[in-house]
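So the sequences go chain by chain: A and B.
Here the numbering used here is used: the first residue of the first sequence is 1, the next is one more, and so on.
Here the numbering used here is used: the first residue of the second sequence is 1001, the next is one more, and so on.
Idealized CB from N, CA, C, for every residue including glycine.
The model shown is predicted, which means the values in this text are computed figures rather than measured ones.
Presented below is the structure to which this report refers.
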Amino acid sequence: MSPSSVATRARSKVRTGDTPEPSRSKAGPARRRRTDGRRWAPLGFLAPFGTLFAVTFVAPICYALYESLYKLHRSGLGLAPPSEVFTGLSNYTDALGDHAFTASIVRVVLIGLVQVPLMLGLALVLALLLDARRTPFKRFFRLGFFLPYAIPGVIGGLMWSFLYQPDVSPIADALGRIGLHVDFTSDGMLPWSVGNMLTWGWTGYNMIVIHSALKAIPGEFTEAAELDGCTGWRLAWHIKIPMVRPALVMTTVFSIIGMAQLYNEPVIMKAVAPNLAGDWTPIMAAQNEVAANNYHAAATRSVILALVIFVLSFGFMRFVNKRGGAQ
Amino acid sequence: MKSRPFRAATLAMALTSLTAFAAACGSDGSAEQASGPVTVEFWGWAPGYEKSVELFNAAHPGIKVTYSKISPGSKGGYTKMLNAVKAGNAPCLGSVGFETLPTFAAAGALQDATEAAAPYAKEYAPWAFAQSGVSGRTFGLPVDIAPMALIYRKDLFTKYGIAAAPRTWDEYAADAAIIHAADPNAYIGYFGNDAYNFAGLAWQAGAKWFGTSGDKWTVNLNDPATKKVTAFWQDLIDRKLVKTVPSFDTALYKGMGEGTILSDVNAVWDTPILADSVKQTSGNWAVAPMPVWDAAAPATGNAGGSPNAVLKGCKHVKEAVEFAHWFGTDQASVSNLIKETGIYPAALSGLENPALHQPDPFYGGQTIFDVFKESAGRVDTGFRWGPVMTKTSGVLGDGLGKAGAGGLGLDAALAETQAQTVAEMKTQGMEIG
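This is the structure in structure tokens:
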């Protein structure tokens, strides 16, 4: 029984009572108890979430913060168990002084600057095409574009790494026949190759999100615009795109977060591109420290990465909100 | 409107961390020991270990070994062991590679077993026993070793006019030039990115990457012996006389199957992998001794192998060591390990095991273990591993890959490995002399 139905029945009882005096004295404490129950009920419903949130989200973050302020101290060869010593921000100066780590952050930001707009632009165009009235085979295209997202990222990564591997790549082979010698695993090509894997995997997903937003636009808007002679790309530009702005903002924020957490694709690529460094992305760098049994350094790198994600995604939100307010 | 993406983002993140949490909780604690015989808990992952444990338990009523199969060391097994030591519920024994044992030692995760192990020292290859400890202290007993040799396409060597496999590295370089001149698509071998294979090459040349002097570690990843090796391979890479491909990659086996990559300098455990990867060339391969630097004083290298190490907190060190010794030396156990696990025994008696005297049809009916036995006897005894090998091998592997791709010199790669190894040791609070 939901708390509101209890309350309604209590109220109706009071209302139907012929003799208010005794009824009030009886109902008084009962009502108070029910009101108390009503006040606590939402907390009860929130408890499962709150517990999980605290255990799986707040606690790990606090623990990472705590770990990042300590270092291991050993004596001599370290054959005796090491001790943990508070060292303040010294782990942070170490991490920021590690040029491979800072380079990995700059790398994912640069890849993101190119890949995210390209992918979302493509997703938006595809979504608009799907939304246009005269597009044939809509269901087929919608499923086709979405399919890469349904393939597990690791499988997609393996597939692409075979397509990139210089000695077995059919793409490189075909390009070689027309005189273009491309090595998708060379240092210069790696960011583009990984960016392509991401675009392939995620465009369909973003397209579906934007397409759903397009479908939610009330018919009167587009109809009115069309009556005024606004059709085709002009309709898309002036009516549809402004209406799906929230969806675009959301997909961008997701993409920024996803980009900063880049891991699967480069790790799989590494099998065919040995020149791809083991700390190519910030998460790979943090993971390396875990493997090296240096949890303090790993925690520090994770905290820095979380801060970078926070700044980038909130920075983007503030930026678009300001622009939105000016309109 | 503006809060919606964030709620979704928070939910997504919460779900992600929830999955991670569930995964972390999937591992269970240690089994409780019963009264009666002494219980020794043992963690490993190689196939066939279980069978040897059963054999031991059947023959030793006073000691009961309980074996748990965990993930392979580099795939999370080592992390699990280190965490168990930290939590105080580690097993008595763990399978720990030679290269990783000093890392465990420097993390304070190993229990001193010097006294219990000392009587058995003479029964193992001397370097293998030495690498089962650090700075004169012993922490376990070896199970297997991995001497290196030259695995080559005998038919194609003959086709290109090379009658005998190269005995020295000078001959190897000369043959490399002959083969590549005869067929521009063919290479004598390849330069891969496997850090431990390269370590084997440096080991052979007499490198002393790590050591201890008193209470401090010494680190010399770019010592003169290593420089000799880097100069040799840099020259072959620059003259394009060796193919540069990732180790154990599809491209490597494609080349070996097609006959464009003619040989591999690798450890004994690579022989079945190769046989499996290029089945179509069965019968055309042979194994020759690893090319040496000095034919008058031939030394070889090793790439792999592992002891069973006693982990911190073990209450029955003596029994654990007794089991470890039996595991690696008993004829029934070693025969099982050779057959099921595919090990090459570290025990001197194990080298005589009849299972190692079978001719192999993939290698043209050659008794290949004879070559490895000779190699095992010539492994340089002075090489030691360092205390942050995950980091060292990671940076070295990256450097080798970059050097193969032409982006970085091998010398620079080793210098970078040296610098990053020292830096990592310092952040972990170790003293370097």
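For B/Thr1103 and B/Met1389, which I take to be in contact (beta-carbon distance under 8 Å), what is that distance rounded to the nearest angstrom? In the second sequence, residue 1103 of chain B corresponds to position 103, counting from 1. In the second sequence, residue 1389 of chain B corresponds to position 389, counting from 1. Their Cβ separation, rounded to whole angstroms, is 6 Å, which keeps B/Thr1103 and B/Met1389 in contact under 8 Å.
Under 8 Å from the C-beta of B/Leu1082: neighbouring residues of chain A: For the purposes of this step, residue 1082 of chain B is taken as the residue at position 82 of the second sequence. Ordered by position in chain A, the residues that pass the 8 Å Cβ test against B/Leu1082 are Asn293.
9 Å is my cut-off, CB to CB: does A/Ala297 come that close to chain B? As a working mapping, residue 297 of chain A is identified with position 297 in the first sequence. Chain B, which has a Cβ nearer than 9 Å to the Cβ of A/Ala297, makes this yes.
Where the beta strand (DSSP E) containing B/Lys1069 begins and where it ends: As a position in the second sequence, residue 1069 of chain B is number 69, starting the count at 1. Segment 1063 to 1069, the beta strand (DSSP E) holding B/Lys1069.
Would you say B/Gly1304 faces chain A, with C-beta separation under 9 Å as the test? The sequence position of residue 1304 of chain B within the second sequence is 304, counting from 1. Not an interface residue.
Just to confirm my understanding: we take B/Ala1286, look at its own chain, exclude 5 residues before and 5 after, and list those with CB closer than 7 Å. What are they? By 1-based counting over the second sequence, the position of residue 1286 of chain B is 286. So the qualifying residues of the chain are Tyr1152, Lys1154, Tyr1363, Gly1364, Gln1366.
Closer than 8 Å, Cβ to any Cβ of chain B: which residues of the stretch 157 to 175 of chain A, in chain order? Phe162, Gln165, Pro166, Asp167, Val168
Please state whether the Cβ-Cβ distance between B/Asn1220 and B/Thr1417 is less than 9 Å. The residue you call residue 1220 of chain B lines up with position 220 of the second sequence. The residue you call residue 1417 of chain B lines up with position 417 of the second sequence. No, they are not a contact pair.
Just checking: is the beta-carbon of A/Leu79 within a distance shorter than 9 Å of some beta-carbon in chain B? Residue 79 of chain A sits at position 79 when you count from the first residue of the first sequence. For A/Leu79, the answer is yes, since a Cβ of chain B falls inside 9 Å of its Cβ.
Within chain A, partners of B/Trp1217 - CB distance below 7 Å: Counting from one through the second sequence, the residue named residue 1217 of chain B turns up at place 217. Within 7 Å Cβ-Cβ: Leu77.
Output the residue ranges of the alpha helix (DSSP H) runs that lie fully inside the stretch 73 to 106 of chain A and measure 4 residues or longer, sorted by chain position. 90 to 97
Under 6 Å Cβ to Cβ from B/Glu1050, same chain only, skipping five residues before and after it: list those, please. Here residue 1050 of chain B refers to the residue found at position 50 when the second sequence is read from its first residue. So the qualifying residues of the chain are Tyr1067.
If B/Leu1093 sits next to B/Ile1179, beta carbons under 8 Å apart, how far is it from one beta carbon to the other, in whole angstroms? Counting from one through the second sequence, the residue named residue 1093 of chain B turns up at place 93. Counting from one through the second sequence, the residue named residue 1179 of chain B turns up at place 179. Going by Cβ atoms, the distance from B/Leu1093 to B/Ile1179 rounds to 47 Å, so no, they are not a contact pair.
When DSSP labels each residue in this structure, what does B/Ala1109 get in the three-state scheme? As a first step, residue 1109 of chain B must be located in the second sequence, where it is residue number 109. Coil, per DSSP.
Within its chain, find whatever has a CB closer than 7 Å to the CB of B/Ala1484; leave out the 5 residues flanking it on each side and keep chain order. For chain B, the structure presents residues 1001 to 1433; residue 1484 of chain B sits outside this window and is missing.
If you draw a straight line from the alpha carbon of B/Glu1322 to that of B/Ala1299, how long is it in whole angstroms? The residue labelled residue 1322 of chain B in the question sits at position 322 within the second sequence. The residue labelled residue 1299 of chain B in the question sits at position 299 within the second sequence. Cα-Cα distance, rounded: 32 Å.
Using a Cβ-Cβ distance under 9 Å, would A/Asn264 count as near chain B? Sequence index remark: in the first sequence, residue 264 of chain A carries index 264 (1-based). Not one chain B Cβ lies under 9 Å of A/Asn264.
Find the nearest neighbour of A/Leu248 within the set A/Pro117, A/His296, A/Leu143, A/Val109, judged by alpha-carbon distance. As a first step, residue 248 of chain A must be located in the first sequence, where it is residue number 248. Cα-wise, what sits closest to A/Leu248 is A/Pro117.
Which of the residues in the stretch 96 to 120 of chain A, read from start to end, lie with their CB under 7 Å from any CB of chain B? none
Check for me: the beta strand (DSSP E) holding B/Glu1041 runs from which residue to which? Taking the second sequence and counting its residues from 1, the one referred to as residue 1041 of chain B is at position 41. Taken as a continuous stretch (DSSP letters only), the beta strand (DSSP E) holding B/Glu1041 covers 1038 to 1044.
Chain B contact residues for A/Ser186, given Cβ-Cβ distances below 8 Å: For the purposes of this step, residue 186 of chain A is identified with residue 186 of the first sequence, where counting begins at 1. Simply Ala1405.
Rounding to the nearest angstrom, what Cα-Cα distance links B/Lys1402 and B/Ser1247 in this structure? As a working mapping, residue 1402 of chain B is identified with position 402 in the second sequence. As a working mapping, residue 1247 of chain B is identified with position 247 in the second sequence. Cα to Cα, the separation comes out at about 13 Å.
Using a Cβ cut-off of 8 Å, which residues of the stretch 313 to 324 of chain A contact any Cβ in chain B, in chain order? Ser313, Met317, Asn321
Measuring only the C-alpha atoms, how far is B/Gly1048 from B/Tyr1344? Within the second sequence, residue 1048 of chain B is the residue found at index 48, counting from 1. Within the second sequence, residue 1344 of chain B is the residue found at index 344, counting from 1. Whole-angstrom Cα-Cα distance: 13 Å.
Coil, strand or helix - B/Met1013 by DSSP: By 1-based counting over the second sequence, the position of residue 1013 of chain B is 13. Here B/Met1013 scores only 44 on pLDDT, less than 50, and its place in the model should not be relied on; the value that follows carries that caveat. Reduced to three states, the DSSP call for B/Met1013 is helix.
Length at least 4, wholly inside the stretch 1157 to 1218 of chain B: the alpha helix (DSSP H) runs in chain order: 1169 to 1182, 1195 to 1204
Integer-rounded CB distance, given that A/Gly78 should sit under 8 Å from B/Gly1394: Here residue 1394 of chain B refers to the residue found at position 394 of the second sequence. Here residue 78 of chain A refers to the residue found at position 78 of the first sequence. No, B/Gly1394 and A/Gly78 are not in contact; Cβ-Cβ is about 20 Å, not under 8 Å.
Using the C-alpha atoms, what's the distance from A/Gly201 back to A/Ala123? Along the first sequence, read from residue 1 onward, the residue named residue 123 of chain A stands at position 123. Along the first sequence, read from residue 1 onward, the residue named residue 201 of chain A stands at position 201. Straight-line Cα distance between these residues: approximately 11 Å.
I need the boundaries of the alpha helix (DSSP H) containing B/Val1278, first residue and last residue. Position 278 of the second sequence, counted from the first residue, corresponds to residue 1278 of chain B. B/Val1278 -> no alpha helix (DSSP H), and no H or E assigned at all.
Within-9 Å CB hit, B/Gln1131 to chain A: Along the second sequence, one-based indexing puts residue 1131 of chain B at 131. By this cut-off, B/Gln1131 is not an interface position.
Given this structure, state the Cα-to-Cα distance separating B/Ala1346 from A/Ile257, to the nearest angstrom. Within the second sequence, residue 1346 of chain B is the residue found at index 346, counting from 1. Within the first sequence, residue 257 of chain A is the residue found at index 257, counting from 1. Near 50 Å, if we compare the C-alpha coordinates of A/Ile257 and B/Ala1346.
Is it true that the CB of B/Ala1251 sits closer than 9 Å to the CB of B/Ala1303? The sequence position of residue 1303 of chain B within the second sequence is 303, counting from 1. The sequence position of residue 1251 of chain B within the second sequence is 251, counting from 1. Not a contact, by the Cβ cut-off of 9 Å.
Hey, B/Val1134 and B/Ala1105 are a contact pair by Cβ (cut 8 Å); roughly how many whole angstroms apart? Here residue 1134 of chain B corresponds to residue number 134 of the second sequence, with the count starting at 1. Here residue 1105 of chain B corresponds to residue number 105 of the second sequence, with the count starting at 1. With a Cβ gap of about 5 Å, B/Val1134 and B/Ala1105 count as contacting.
What's the C-alpha gap between B/Ile1145 and B/Phe1210? The residue you call residue 1145 of chain B lines up with position 145 of the second sequence. The residue you call residue 1210 of chain B lines up with position 210 of the second sequence. C-alpha separation (whole angstroms): 19 Å.
Quick one: does A/His73 have its CB under 9 Å from some CB of chain B? Numbered from 1 along the first sequence, position 73 holds the residue referred to as residue 73 of chain A. Yes, A/His73 lies at the interface with chain B (some Cβ there is under 9 Å from its Cβ).
By a C-beta neighbour count over all protein chains shown, 10 Å radius and 16 as the cutoff for buried, is A/Phe314 buried or exposed? For the purposes of this step, residue 314 of chain A is taken as residue 314 along the first sequence, with counting starting at 1. That one is exposed.
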